[in-house]
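Enquirer: Numbering (our numbering), first residue to last: 109 to 472.
Just so it is clear, CB atoms sit at the ideal spot from N, CA and C, and this is done for glycine as well.
Just so we're clear, the structure is a prediction, and the values are computed from it rather than from any experiment.
1. Under a three-way DSSP split, which group does residue 439 fall into?
2. Just the Cα atoms here: how many angstroms apart are residue 267 and residue 154?
3. When the Cα atoms are used, what is the spatial distance from residue 143 to residue 371?
4. Can you list, in chain order, the residues of its chain whose CB lies under 6 Å from that of residue 290, leaving out five sequence neighbours each side?
5. Would you kindly report the start and end of the unbroken alpha helix (DSSP H) that includes residue 222?
6. How big is the Cα-Cα spacing for residue 312 and residue 339?
7. Could you have a look at residue 188 and say whether DSSP puts it in helix, strand or coil?
8. Nearer than 7 Å: is that true of the beta carbon of residue 434 relative to any heavy atom of the ligand FAD?
9. When burial is assigned at 16 or more other CB atoms within 10 Å of the CB, is residue 219 buried or exposed?
10. By the three-class DSSP mapping on this structure, what secondary structure does residue 133 have?
11. With residue 387 as the anchor, note down where its alpha helix (DSSP H) starts and where it stops.
12. Around the Cβ of residue 466, are there at least 16 other Cβ atoms within 10 angstroms (buried) or fewer (exposed)?
13. Just mark residue 308 as buried or exposed, buried being the case when its beta carbon has 16 or more other beta carbons within 10 Å.
14. Counting pairs of Cβ atoms below 8 Å between the region 439–449 and the region 236–248, do you hit three or more?
15. Is it buried or exposed for residue 461, if we count other Cβ within 10 angstroms and need 16 for buried?
16. Does residue 154 come out as helix, strand or coil in the three-state DSSP assignment?
17. If you draw a straight line from the alpha carbon of residue 412 to that of residue 406, how long is it in whole angstroms?
18. Which residue comes first and which comes last in the alpha helix (DSSP H) that contains residue 254?
19. In its own chain, which residues sit with a C-beta less than 8 Å from the C-beta of residue 166, not counting the 5 before and 5 after it?
20. For the region 383–398 and the region 203–215, state whether three or more C-beta atom pairs, one from each stretch, are separated by less than 8 Å.
21. Is DSSP giving residue 293 helix, strand or coil here?
22. Following the continuous alpha helix (DSSP H) through residue 147, name the residue where it begins and the one where it ends.
23. Just verifying my parser: in three-state terms, what is the DSSP assignment at residue 460?
24. Only counting the same chain, and skipping five residues up and downstream in sequence, which positions put a Cβ closer than 7 Å to that of residue 191?
25. Taking 8 Å as the cut-off, decide whether the C-beta atoms of residue 432 and residue 269 are in contact.
26. Starting from the C-beta of residue 419, find all residues in its chain whose C-beta is less than 7 Å away, skip the five residues before and the five after it, and write them out in chain order.
27. Does any C-beta atom of chain B lie closer than 8 Å to the C-beta of residue 363?
28. So, are the CB atoms of residue 368 and residue 213 less than 8 Å apart?
29. For residue 359, which residues in the same chain have their Cβ closer than 6 Å to its Cβ, ignoring the five residues on either side in sequence?
30. Under 7 Å Cβ to Cβ from residue 141, same chain only, skipping five residues before and after it: list those, please.
31. When the distance is taken between beta carbons, is residue 344 closer than 8 Å to residue 456?
32. Tell me which residues share the same chain as residue 217 and place their Cβ nearer than 7 Å to its Cβ, disregarding the 5 neighbours each side in the sequence.
33. Considering only C-alpha positions, which residue in the set 228, 162, 426 and 163 is nearest to residue 201?
34. Restricting to Cα atoms, I'd like to know which of 114, 422 and 253 is closest to residue 385.
35. Enumerate in chain order the residues of its own chain whose CB-to-CB distance from residue 199 is below 6 Å, with the five nearest sequence positions on each side excluded.
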């Protein structure tokens with residue numbers, strides 16, 4: 109009971125600190141605090157119970173994040189956004205497969221690694237976690253890939269947010285700049301409506317769990333993830349734009365619960381072992397080559413510079429990072445399109461990752 113209360117309170121505190129201090133990273137903090145909890149023997153964290161919390165928290169995070177999406181907006185996204193996003197969503201899995209087969213063909217979980225790295229660079233962190241759980245990957249492996257992603261994504265973010273990014277993409281056509289970066293205004297949200305959203309999310313979870321239970325499927329986590337993802341996207345039609353910010357906040361909260369619990373279960377000495385250095389090289393190779401090839405595709409397709417940058421950003425990071433990049437580029441016209449691409453990637457990344465996994469397991 110004590111550990112459950114701690115896991116509920118820590119994410120709330122971390123989100124509060126992240127809002128107050130821009131440099132604060134709630135994901136890393138939750139990992140660290142989870143690891144600190146694992147060093148307290150008096151807490152007696154049960155591994156079987158922890159696995160259940162891990163599974164529940166990531167599924168609920170995916171439900172809330174997908175319920176916040178606006179599928180209708182995806183259909184109205186401009187032609188250049190769609191072409192740029194599709195190019196990136198095709199390049200990433202190809203690079204993941206190629207570099208996995210080149211660098212770690214003997215790794216016992218090479219197929220899962222390729223799937224998770226595909227998921228994280230199309231639909232950001234939640235999909236890495238979701239695929240790791242669905243494919244029953246080793247927790248230390250999930251954490252290693254997450255830390256590699258945090259490091260290299262952090263390095264690339266410094267470039268993306270600097271004037272250097274415009275020079276790197278200077279050979280692409282330019283869009284006119286616009287300096288108004290205001291997002292659609294979110295109205296105040298009542299507790300009653302927030303509670304209603306939680307009930308809808310819980311209903312989606314129970315339906316997915318119930319169908320899986322009645323069907324007695326072999327890989328239950330994978331089936332539940334697939335079912336709840338589809339249901340959440342269907343239910344997203346029911347919620348107005350004013351609900352999206354609330355839904356994403358709740359989704360982030362469950363994601364941080366997952367981070368605390370996974371931090372309490374992983375072995376950091378194993379993660380930083382010399383044998384895992386190759387996973388950092390693999391992650392770097394995939395993210396760098398995906399960006400370069402996407403850049404060349406955009407040149408061939410004559411996609412404007414700012415659209416190429418924002419769609420790449422939406423895939424590698426998340427919709428939440430898009431406004432900062434749009435502001436750095438001095439272009440508000442790419443804001444909604446970039447966030448739409450990010451939400452689409454969030455929804456589809458797990459499915460694309462599963463295709464990568466199935467392809468590798470069937471061929472090798």
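Expert: So, from the data block:
1. Mapped onto the chain shown, residue 439 falls at position 331. Looking at residue 439 - three-state DSSP - the assignment turns out to be strand.
2. Taking the first residue of the chain shown as position 1, residue 267 is located at position 159. Taking the first residue of the chain shown as position 1, residue 154 is located at position 46. Those two C-alpha atoms are separated by around 42 Å.
3. Here the question's residue 143 lines up with position 35 in the chain shown. Here the question's residue 371 lines up with position 263 in the chain shown. Taking the straight line from one Cα to the other gives about 5 Å.
4. As a first step, residue 290 must be located in the chain shown, where it is residue number 182. Since pLDDT at residue 290 reaches only 47, below the 50 mark, its modelled position is unreliable, and no value is offered.
5. Locating residue 222 in the chain shown gives position 114, where the first residue counts as 1. Unbroken alpha helix (DSSP H) run through residue 222: 218–242.
6. The sequence position of residue 312 within the chain shown is 204, counting from 1. The sequence position of residue 339 within the chain shown is 231, counting from 1. Residue 339 has its alpha-carbon roughly 6 Å from the corresponding atom of residue 312.
7. Counted from its first residue, the chain shown places residue 188 at position 80. Helix at residue 188.
8. As far as ligands go, the structure on display features none, and thus does not contain the ligand FAD.
9. Position 111 of the chain shown, counted from the start, is the residue given in the question as residue 219. Counting Cβ neighbours within 10 Å, residue 219 comes out buried, since at least 16 surround it.
10. The residue you call residue 133 lines up with position 25 of the chain shown. Coil, per DSSP.
11. For the purposes of this step, residue 387 is identified with residue 279 of the chain shown, where counting begins at 1. For residue 387, the enclosing alpha helix (DSSP H) stretches over residues 385–409.
12. The residue you call residue 466 lines up with position 358 of the chain shown. Per the 10 Å Cβ criterion, exposed.
13. Within the chain shown, the letter at position 200 stands for residue 308. Classification of residue 308: buried, given that the 10 Å Cβ count is 16 or more.
14. Segments in contact, no.
15. Start at 1 with the first residue of the chain shown, and residue 461 comes out as number 353. Counting the other CB atoms within 10 Å of its CB gives residue 461 a total of 16 or more, which places it among the buried residues.
16. Sequence index remark: in the chain shown, residue 154 carries index 46 (1-based). Taken through DSSP and simplified to helix, strand or coil, residue 154 comes out as coil.
17. Counting from one through the chain shown, the residue named residue 412 turns up at place 304. Counting from one through the chain shown, the residue named residue 406 turns up at place 298. Their backbone Cα atoms lie some 8 Å apart in a straight line.
18. Taking the chain shown and counting its residues from 1, the one referred to as residue 254 is at position 146. 247–268 is the extent of the alpha helix (DSSP H) around residue 254.
19. As a first step, residue 166 is located in the chain shown; it is residue number 58 there, counting from the start. Taking C-beta separations shorter than 8 Å and ignoring five residues to either side along the sequence, the partners of residue 166 in its chain run 234, 237, 238, 241, 362, 363 and 366, following chain order.
20. Segments in contact, yes.
21. Counting from 1 along the chain shown, the entry for residue 293 is found at position 185. The pLDDT assigned to residue 293 is 44, lower than 50, so where the model puts this residue is not dependable, and the model offers no usable value.
22. Your numbering for residue 147 matches position 39 in the chain shown. No alpha helix (DSSP H) holds residue 147; DSSP gives it neither H nor E.
23. Counting from 1 along the chain shown, the entry for residue 460 is found at position 352. It is helical.
24. Taking the first residue of the chain shown as 1, we reach residue 191 at position 83. For residue 191, same chain residues with a beta-carbon under 7 Å away, outside a window of 5 residues either side, are 409 and 411 in chain order.
25. To locate residue 432, count along the chain shown from 1; it is residue 324. To locate residue 269, count along the chain shown from 1; it is residue 161. Cβ atoms of residue 432 and residue 269: closer than 8 Å.
26. As a position in the chain shown, residue 419 is number 311, starting the count at 1. Excluding sequence neighbours, residue 419 sits near 189, 192, 193, 196, 446 and 449.
27. Considering every chain present, this structure includes no chain B. It has just one protein chain.
28. Here residue 368 refers to the residue found at position 260 when the chain shown is read from its first residue. Here residue 213 refers to the residue found at position 105 when the chain shown is read from its first residue. In this structure, residue 213 does not lie closer than 8 Å to residue 368 by Cβ.
29. Working through the chain shown from its first residue, we reach residue 359 at position 251. Close CB contacts of residue 359 within its chain, under the 6 Å cut and outside five residues either way in sequence, are with 169, 172 and 173 (chain order).
30. Taking the first residue of the chain shown as position 1, residue 141 is located at position 33. Apart from sequence neighbours up to five positions away, the residues of its chain that approach residue 141 with a beta-carbon distance below 7 Å are 118, 368 and 371, ordered along the chain.
31. Residue 456 sits at position 348 when you count from the first residue of the chain shown. Residue 344 sits at position 236 when you count from the first residue of the chain shown. Residue 344 is positioned such that its CB atom lies no closer than 8 Å to that of residue 456.
32. For this step, residue 217 is matched to residue 109 along the chain shown. Hits under 7 Å: 245, 246 and 249.
33. On the chain shown, position 93 is the one that residue 201 refers to. Of the candidates 228, 162, 426 and 163, the residue whose Cα lies closest to the Cα of residue 201 is 228.
34. Counting from one through the chain shown, the residue named residue 385 turns up at place 277. With distances taken between Cα atoms, residue 385 lies closest to 253.
35. On the chain shown, residue 199 is found 91 positions in, with the first residue counted as 1. Hits under 6 Å: 398, 401 and 402.
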